[in-house]
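Number of protein chains: 2
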Amino acid sequence: MQKYLGGGAPSTPKLRHRRRTDELVPSDATKENGSHLLVDDRNKYKSMWIRTCSTLWMIGGFALIVYMGHLYICAMVVVIQILMARELFILMRKTHEERDLPGFRQLNWHFFFTAMLFVYGRILSHRLVNTVTSDVVLYQLVGSLIKYHMVICYFLYIAGFVWFILSLKKKMYKYQFGQFAWTHMILIVVFTQSSFTVANIFEGIFWFLLPAALIVINDIAAYLFGFFFGRTPLIKLSPKKTWEGFIGASVTTIISAFVLANVLGHFKWLTCPRKDLSTGWLHCDPGPLFRPEYFSLSGRVPEWFFWKQLSILPVQWHALWLGLFASIIAPFGGFFASGFKRAFKIKDFGDSIPGHGGITDRMDCQMVMAVFAYIYHQSFVIPQSLSVEMILDQILVNLTFEEQLDLYRKLGETLQEKQFGLS
Amino acid sequence: MQKYLGGGAPSTPKLRHRRRTDELVPSDATKENGSHLLVDDRNKYKSMWIRTCSTLWMIGGFALIVYMGHLYICAMVVVIQILMARELFILMRKTHEERDLPGFRQLNWHFFFTAMLFVYGRILSHRLVNTVTSDVVLYQLVGSLIKYHMVICYFLYIAGFVWFILSLKKKMYKYQFGQFAWTHMILIVVFTQSSFTVANIFEGIFWFLLPAALIVINDIAAYLFGFFFGRTPLIKLSPKKTWEGFIGASVTTIISAFVLANVLGHFKWLTCPRKDLSTGWLHCDPGPLFRPEYFSLSGRVPEWFFWKQLSILPVQWHALWLGLFASIIAPFGGFFASGFKRAFKIKDFGDSIPGHGGITDRMDCQMVMAVFAYIYHQSFVIPQSLSVEMILDQILVNLTFEEQLDLYRKLGETLQEKQFGLS
Chain A
391 MQKYLGGGAP
401 STPKLRHRRR
411 TDELVPSDAT
421 KENGSHLLVD
431 DRNKYKSMWI
441 RTCSTLWMIG
451 GFALIVYMGH
461 LYICAMVVVI
471 QILMARELFI
481 LMRKTHEERD
491 LPGFRQLNWH
501 FFFTAMLFVY
511 GRILSHRLVN
521 TVTSDVVLYQ
531 LVGSLIKYHM
541 VICYFLYIAG
551 FVWFILSLKK
561 KMYKYQFGQF
571 AWTHMILIVV
581 FTQSSFTVAN
591 IFEGIFWFLL
601 PAALIVINDI
611 AAYLFGFFFG
621 RTPLIKLSPK
631 KTWEGFIGAS
641 VTTIISAFVL
651 ANVLGHFKWL
661 TCPRKDLSTG
671 WLHCDPGPLF
681 RPEYFSLSGR
691 VPEWFFWKQL
701 SILPVQWHAL
711 WLGLFASIIA
721 PFGGFFASGF
731 KRAFKIKDFG
741 DSIPGHGGIT
751 DRMDCQMVMA
761 VFAYIYHQSF
771 VIPQSLSVEM
781 ILDQILVNLT
791 FEEQLDLYRK
801 LGETLQEKQF
811 GLS
Chain B
391 MQKYLGGGAP
401 STPKLRHRRR
411 TDELVPSDAT
421 KENGSHLLVD
431 DRNKYKSMWI
441 RTCSTLWMIG
451 GFALIVYMGH
461 LYICAMVVVI
471 QILMARELFI
481 LMRKTHEERD
491 LPGFRQLNWH
501 FFFTAMLFVY
511 GRILSHRLVN
521 TVTSDVVLYQ
531 LVGSLIKYHM
541 VICYFLYIAG
551 FVWFILSLKK
561 KMYKYQFGQF
571 AWTHMILIVV
581 FTQSSFTVAN
591 IFEGIFWFLL
601 PAALIVINDI
611 AAYLFGFFFG
621 RTPLIKLSPK
631 KTWEGFIGAS
641 VTTIISAFVL
651 ANVLGHFKWL
661 TCPRKDLSTG
671 WLHCDPGPLF
681 RPEYFSLSGR
691 VPEWFFWKQL
701 SILPVQWHAL
711 WLGLFASIIA
721 PFGGFFASGF
731 KRAFKIKDFG
741 DSIPGHGGIT
751 DRMDCQMVMA
761 VFAYIYHQSF
771 VIPQSLSVEM
781 ILDQILVNLT
791 FEEQLDLYRK
801 LGETLQEKQF
811 GLS
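If you want it as structure tokens, here you go:
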């Protein structure tokens, strides 16, 4: 990537991330701790301790934020996104080249905030409308902002685009186009993917928490299984990963998914979708997926067994799919990141979390998972009855009262025709 | 870009596009025909003749296809998209590296067709449903295909993603990641942008034809004004472009937009939106935008003047904005392409059109314009009354009959409550 962005410039200045690179992993990353697996590594207890501490801190902080509710979780996601973008923007920056391009750095952030406005506008607009219904003036203001949301974002983007072209400087073309492409890849791969998290949160914290937890569980289980039993290397890209870790983690994750879904599924504040942007307590009928079904065990278990019946939430069957994905496919997000780091000879995307590397290093699988959870939820979980609700919402939010009446009349006519056609 | 993709390989093989490059434009593209402007160029009459011939051929073929109707125009767009993708995929290919990566090339096309399925699925699904309503089995098949459209595309994408990671080969990482990034940039910048064209076509050929024609008019006018009057260079990126050409073209384009909108706006087959995928004749009420308003000129013009009143379609005022964009902002799409070619030392993206270069070279501004036309149409043209129609469509397509009845009942209740609240 250094070479990619190196382009026309004759001198190769000392790069910010090359310093990090030099200490580490010569070319194939097999020298320091890659040639032998974790099970043989002498430093492993120390590094495990560091990793455990920061993991516990992260999980603790995370649990607190989740408990505080939707808006705080979203704020956390946004902060993480900004930190990731910062980490990645810095990764490709070359101070030498930038010196001759005043203001060029800001362009990245301009695109970033435009993307943010666009993505969050789409996800949150309806909830925003539902929040401000009490104030007529605000309501209309928000309504017209939403109506022109796409145009506003488009013009911000076009402004950035024109700015980019006007900032093009002879001999810098290659560097600048490289930065442009890199910025866009970050916005798509990192920002857009991770924004699905926010959409999941508003469908019910359950749909955010379960997938995120599964990735963490899978990571930890893979680490532990690899730590104690790892012998057979899994993939050349990540020499520390082993088949033992992978399989052990898969089984653990799928079982955890099934159990965890039952636990989480009993709390209304986790299962109810949020339709506005307030922080109040949620009341809802969480739907049939979260209503326990009872299976009698009598006759199948010994007499003395104290569990006579099983209570299963239907959502647990969905959770199995999430578990399967989290343990089989999501790790490829990690492999991708490893391969990328290998290709451009960097060890970590940053160094903000002791023992883990940068924030981006921790988020690679989370992003893949968030997209899957969103698409799975949209396609298989939202029941048809809910989509009636959604369309009703859409009608009540987007149309004026007169238009609503008009729609009602037209729908009535069409349905009457159909009924005659059928009978 | 060669360097960017060059990465780890020690040898630098002869590249396909370097051959093209060598004959031409040394480093700054100012030697052969850039150092002096067109007005002084001795070869210009020959090159103008070639350019004129192929332009006329293109316009003729284009007009014929437009006359054949929506489906043929879409087919043309798809063919152009495939040709552009081919051109651009080839641009970055390195035969030397590819030899060691069997099947890697196909991955690009896998991503391309996944993107195609996704984008066109979104644009055309409702129209497809409207087309197959007569056959119950087909109707249900299409319905469930659409319901799982997102999942299907997602899994195709994930399959490509996993394939990519499994195909990663030591020492090739950098080349492969470069190809991955390049493929994604092509899909976003070229494919996704140009797909808006198809969305425009179904809103009424008018909304595709007018913007496309304005770009062509602007190009030709800029060329001609530059040819005859060009003296002052406009931007360093494209040394042949002049202020005289730019300004002359702007005025021409804005006037043309106003006039052309009047002409095109009188044909129903151009102004009616198409709601299915058939090729039949269109009947519709094209709406108030295409109903002429008459302005009397009596008293303002001399007695002998034969035009006593002006007939203006309201859509002409919208056309002015399209003209403004086509002449001021869209050229930046061309500057972007020029800058890109300059940065990576290629003259054209391909060589399929004599005198013009590759297809991508002709389409750069068209893509920017298509996106603008779409967003403009969605935000400012579609009247509210139409969005009632759209929601009604959505209800009739997506919901079962029982759900429609359910929605009707619920909407009725809500409206009644509101009415009581208001009165």
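If you're matching them up, the sequences are chains A and B in order. The numbers in the first sequence follow the working numbering, run straight up by one, and end at 813. The numbers in the second sequence follow the working numbering, run straight up by one, and end at 813. Glycine included, every Cβ here is placed at the ideal spot set by N, Cα and C.
| Item | Value |
| --- | --- |
| What whole-angstrom Cβ distance do A639/A and N590/A have, given they're in contact under 8 angstroms? | Actually they are not in contact, since the Cβ atoms of A639/A and N590/A sit about 22 angstroms apart, beyond 8 angstroms. |
| At a CB distance below 9 angstroms, what residues from the stretch 575-594 of chain A approach chain B? Give them in sequence order. | M575, I578 and V579 |
| So that I know if they touch, is there some Cβ in chain A lying closer than 8 angstroms to that of M757/B? | no |
| Mind checking if D738/B is an interface residue toward chain A, Cβ cutoff 8 angstroms exclusive? | no |
| Check the C-beta distance from I781/B over to Q794/B and give it rounded, since I have them as a contact under 8 angstroms. | Not a contact, Cβ separation roughly 12 angstroms. |
| Is any beta-carbon of chain B found at less than 8 angstroms from that of V541/A? | yes |
| Where I605/B and V641/A are concerned, what is the direct C-alpha to C-alpha distance, given to the nearest angstrom? | 58 angstroms |
| Please work out which residues of its chain come closer than 8 angstroms, Cβ to Cβ, to P623/A, disregarding the five sequence neighbours upstream and downstream, and give them in chain order. | L427, P629, K631, T632 and W633 |
| Please report the residue range of the alpha helix (DSSP H) in which K631/B lies. | Not the alpha helix (DSSP H): K631/B falls in the beta strand (DSSP E), residues S628 to T632. |
| Could you tell me the alpha carbon to alpha carbon distance between I555/B and H746/B, rounded to whole angstroms? | 38 angstroms |
| Should D751/B be labelled buried (16 or more other beta-carbon atoms within 10 Å of its own) or exposed? | buried |
| Tell me, to the nearest whole angstrom, how far the beta carbon of V527/A is from that of V787/A; I am working on the premise that it is less than 8 angstroms. | At roughly 17 angstroms, the Cβ-Cβ gap does not stay under 8 angstroms, so V527/A and V787/A are not in contact. |
| Does any residue of chain A have a CB that is nearer than 8 angstroms to the CB of D609/B? | no |
| Once you ignore the five residues that flank I625/A on each side, which residues in its own chain have a CB closer than 8 angstroms to its CB? | K631 and F725 |
| My assumption, with CB atoms under 8 angstroms, is that F592/A sits in contact with H460/A. Please give the rounded CB distance. | 6 angstroms |
| What residues in its chain sit with their C-beta under 6 angstroms from that of C674/B, if we drop five residues either side in the sequence? | C662 |
| Are at least three pairs of beta-carbons, each pair with one atom in the stretch 753-764 of chain B and one in the stretch 496-503 of chain B, less than 8 angstroms apart? | no |
| Do K630/B and the ligand NAP come close, with the Cβ less than 7 angstroms from some heavy atom? | Among the components of this structure there are no ligands whatsoever, and the ligand NAP is therefore not found. |
| Around the C-beta of V691/A, are 16 or more other C-beta atoms found within 10 angstroms, so that it is buried, or is it exposed? | exposed |
| Closer than 8 angstroms, CB to CB, is E683/B near chain A or not? | no |
| For E593/A, name the three-state secondary structure that DSSP assigns. | coil |
| Mapping the DSSP letters down to three states, classify L687/B as helix, strand or coil. | coil |
| Is L700/A helix, strand or coil by DSSP? | strand |
| Output the distance between the C-alpha atoms of D796/B and V778/A, rounded to the nearest integer angstrom. | 8 angstroms |
| Any C-beta of chain B sitting closer than 8 angstroms to the C-beta of Y529/A? | no |
| Who are G747/A's beta bridge partners in DSSP? | I743/A |
| Give the residues of chain C in contact with S515/A, contact being defined as C-beta atoms less than 8 angstroms apart. | Among the protein chains in the structure shown, which are A and B, there is no chain C. |
| Closest Cβ-Cβ distance between Q732/A and chain B: below 8 angstroms? | Position check: residue 732/A holds Arg in this sequence, whereas Gln was assumed. So yes, R732/A belongs to the interface. |
| How many whole angstroms separate the CB atoms of A651/B and V705/B, which I take to be in contact at a CB cut-off of 8 angstroms? | 5 angstroms |
| Which of the three DSSP states is assigned to L491/B in this structure? | coil |
| For D754/A, which residues from the same chain have a beta carbon less than 8 angstroms from its beta carbon, with the 5 sequence-adjacent residues on both sides left out? | G723, G724, F726 and A727 |
| I think E477/A touches I749/A, with their Cβ atoms under 8 angstroms apart; what is that distance to the nearest whole Å? | 6 angstroms |
| Can you check DSSP and say which residues form a bridge with P623/B? | T632/B |
| Would DSSP call W671/B helix, strand or coil? | coil |
| With distance defined between alpha-carbon atoms, name the residue in E807/A, V771/A and I719/A nearest to L546/B. | I719/A |
| Kindly say whether E803/A, judged by its beta-carbon, lies nearer than 8 angstroms to any beta-carbon of chain B. | no |
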